[in-house]
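Colleague: Numbering-wise, the sequence shown is residues 299 to 479 according to our numbering.
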Amino acid sequence: MNKQIVSLILGAFMVSAVSAKDAEPTTTEHTNPGVVTETQPAPAETPEEVLLKAHKTLEEAEKLASAIVAQARVEANSIHQSIALSSDSVTLELLKKEVVAIDARDMSVEELVQAIMPNNWRVLLDVDSKKKNQRLDFIAQKSRDAILQDLCLSLGLQYQYFDQIKDSKGQPSPILVMSAQ
């Protein structure tokens, strides 16, 4: 972008300098045989004219720069939106694959699941109180998803991620729901 502006400005100055320097000398024309006429040289540009051309070129360069910046902003916003749309699914996949080490002794199912999930995730257990308050010893070092599968398999539960949930203020508030099969 800067190179385009600089080349426009330099181009205007070069045109002005060339036209002032290379004003044609007096020439002769032969329009009719035997008749010679002289033409007057093109008048040299005054410094004011050169300055006026430079200002016009600068204005054109500023307009071009503004258009380039506006286009770049539009493209950046488009890229940002596409990343935001795709990052939610990528983030959930990373969350599932993240290796978690857990050594839980005498924890309730709800406490255990909360220990497995990141702090910003809520946990909802849709099970009877007996199962919810059941105390467990659980040791694992696997992906988060594998740990949840093992836990649910042993307890007869199923689970589902809801990563697009938002709170009343519109802030992300993801939740993991576990329920009986």
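Where is the CB? At the ideal position from N, CA and C, for every residue including glycine.
1. For the alpha helix (DSSP H) containing GLN447, name the first residue and the last one.
2. Apply the 10 Å Cβ neighbour rule to PRO341 and answer buried if 16 or more other Cβ atoms are within range, or exposed otherwise.
3. I'd like the list of long-range same chain contacts for HIS353, defined as Cβ closer than 6 Å, with 5 residues on each side in sequence excluded.
4. Where does SER406 sit, in a helix, a strand or coil, going by DSSP?
5. Roughly how many angstroms separate the alpha carbons of LYS467 and CYS450, rounded to a whole number?
6. Pick helix, strand or coil for VAL348, following the three-state DSSP scheme.
7. With respect to the beta strand (DSSP E) encompassing SER466, which residues constitute its N-terminal and C-terminal limits?
8. Have a look at PHE557 and GLN456 and give me their C-alpha separation to the nearest angstrom.
9. Roughly how many angstroms separate the alpha carbons of ALA402 and LEU410, rounded to a whole number?
10. Measure the Cβ-Cβ separation of VAL421 and ILE473 and say whether it is below 9 Å.
11. If I measure Cβ to Cβ from GLU408 and keep anything under 7 Å in the same chain, skipping five residues before and after, which residues do I get?
12. Just reading off the beta strand (DSSP E) that ALA478 is part of, what are its end residues?
13. When the Cα of GLU391 is compared with those of PHE460, GLN469, ASP465 and THR355, which residue comes out closest?
14. In this structure, how does DSSP classify GLN412 when only helix, strand and coil are distinguished?
Modeller: In this structure, then:
1. Within the sequence shown, residue 447 is the residue found at index 149, counting from 1. Taken as a continuous stretch (DSSP letters only), the alpha helix (DSSP H) holding GLN447 covers 442-453.
2. Taking the sequence shown and counting its residues from 1, one reaches residue 341 at position 43. Exposed.
3. The sequence position of residue 353 within the sequence shown is 55, counting from 1. Closer than 6 Å at the Cβ level, and outside the excluded window around HIS353, lies no residue.
4. Numbered from 1 along the sequence shown, position 108 holds the residue referred to as residue 406. Three-state DSSP puts SER406 in a strand.
5. By one-based count along the sequence shown, residue 467 stands at place 169. By one-based count along the sequence shown, residue 450 stands at place 152. Taking the straight line joining both Cα atoms gives about 32 Å.
6. For the purposes of this step, residue 348 is taken as residue 50 along the sequence shown, with counting starting at 1. VAL348 falls in the helix class under three-state DSSP.
7. Translated into the one-based positions of the sequence shown, residue 466 becomes position 168. Per DSSP, SER466 belongs to no beta strand (DSSP E) and is neither H nor E.
8. Only positions 299 to 479 of the chain appear in the structure, and residue 557 is not among them; the question remains open.
9. As a working note, residue 402 is residue 104 in the sequence shown. As a working note, residue 410 is residue 112 in the sequence shown. Rounded to the nearest angstrom, the two C-alpha atoms are 7 Å apart.
10. Position 123 of the sequence shown, counting from 1, holds the residue named residue 421. Position 175 of the sequence shown, counting from 1, holds the residue named residue 473. A contact, by the Cβ cut-off of 9 Å.
11. On the sequence shown, residue 408 is found 110 positions in, with the first residue counted as 1. Result list for GLU408: VAL421, LEU423 and LYS430, in chain order.
12. Against the sequence shown, residue 478 aligns to sequence position 180. Taken as a continuous stretch (DSSP letters only), the beta strand (DSSP E) holding ALA478 covers 473-478.
13. Here residue 391 refers to the residue found at position 93 of the sequence shown. Cα-wise, what sits closest to GLU391 is PHE460.
14. Locating residue 412 in the sequence shown gives position 114, counting from the first residue. Three-state result, GLN412: helix.
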